Structures are given as C-alpha cells and as structure tokens.
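To keep things clear, I will list the structure first and then write my remarks on it.
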Amino acid sequence: MDRREAAAAWLEKHFDASSARGVQSIVELDLAGAGGGPLTLHVDDGTLELSPAAAPNATARVRIDAGDFLDVLSGRANGELLHMQGRVRIEGDSSHVLRLQSLFRRRA
C-alpha cells in the first residue's frame, strides 16, 4: 500500500458522517514525494467520496509531503506547525481545510 492509499484508508475509517451533515466541500490533497499523488475529498451532507485524481473544481488545495500528511493523521505531527514552517501550502478557501479537521475522529 502506498502512502496515498494509506491516507485514503485512514480518512475512510475515521470519517464522522454525523459531523459532516450540512457540509459541502471539495478539497484536493497534493501529496508530494514517494507514494504520493493527488487525492480529492468530496464531502456532501454527511458523505465522503475519495478520488485518486486532481479536482479542477476544488474549493481548496493542500500541498504537503505524503509522509508528513500521514504523520499529521496519526498525531505524530501538527499540521498548523507544518504550515507555519512552510511545509504545508493551502490554496483557495482555507476555511474548508480547517473544517475538515472536525470531520475525522482520531480513533476509530
């Protein structure tokens, strides 16, 4: 399993549909480095659809190293600190990225 697949599996396992009711968002993750690639999260009123492709209609794009992203998901790294260090770049409406954090449980 490559890093993008591992990220997708984590996101699917930890998605909290009840927290996503009323949320509509398309966020493209550009996971850089080995085992990375694009991963688009489409949240629509309590549902999550993941696609291993870029999304030209994304409300926001996040550029991050695939390993760093897995570290953020597992709690080994802090996404806000990585952003301040310039290791995470957000394009578009950053409120969609911030909202995503509340849609995933740390523990399944």
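In terms of our numbering, the sequence shown opens at residue 3 and continues consecutively.
Glycine residues also receive a C-beta, built at the ideal position from the N, C-alpha and C atoms.
Keep in mind it's a predicted model, so treat the numbers as computed, not measured.
| request: Provide the residue span of the beta strand (DSSP E) that contains residue 53, from first to last. | output: By one-based count along the sequence shown, residue 53 stands at place 51. Note, residue 53: beta strand (DSSP E), 49-53.
| query | Any idea which residues DSSP pairs residue 40 with across the strands? | reply | As a first step, residue 40 is located in the sequence shown; it is residue number 38 there, counting from the start. Residue 40 pairs with 32.
| Does the Cβ of residue 108 have 16 or more other Cβ atoms within 10 Å, making it buried, or fewer, making it exposed? | To locate residue 108, count along the sequence shown from 1; it is residue 106. Label assigned to residue 108: exposed.
| task | Helix, strand or coil for residue 95, going by three-state DSSP, please let me know. | result | As a working mapping, residue 95 is identified with position 93 in the sequence shown. Coil, per DSSP.
| message | Assuming contact is defined by CB atoms lying nearer than 8 Å, are residue 32 and residue 63 in contact in what I supplied? | response | On the sequence shown, residue 32 is found 30 positions in, with the first residue counted as 1. On the sequence shown, residue 63 is found 61 positions in, with the first residue counted as 1. Yes. Within cutoff.
| field | Nearest-angstrom beta carbon gap, residue 45 and residue 99 [assumed within contact, 8 Å] | value | Within the sequence shown, residue 99 is the residue found at index 97, counting from 1. Within the sequence shown, residue 45 is the residue found at index 43, counting from 1. Wrong, their Cβ atoms sit about 12 Å apart, outside the cutoff.
| Which listed residue (14, 7, 3 and 5) has its alpha carbon closest to that of residue 102 | The count along the sequence shown starts at 1 and reaches residue 102 at position 100. Cα-wise, what sits closest to residue 102 is 14.
| message | Just verifying my parser: in three-state terms, what is the DSSP assignment at residue 25? | response | Working through the sequence shown from its first residue, we reach residue 25 at position 23. Looking at residue 25 - three-state DSSP - the assignment turns out to be coil, as it is neither helix nor strand.
| Start-end ranges of the beta strand (DSSP E) lying completely within the region 59-92, minimum 3 residues | 62-67
| message | Within 10 Å of its beta-carbon, does residue 91 have 16 or more other beta-carbons around it, so buried, or fewer, so exposed? | response | Here residue 91 corresponds to residue number 89 of the sequence shown, with the count starting at 1. Result: exposed.
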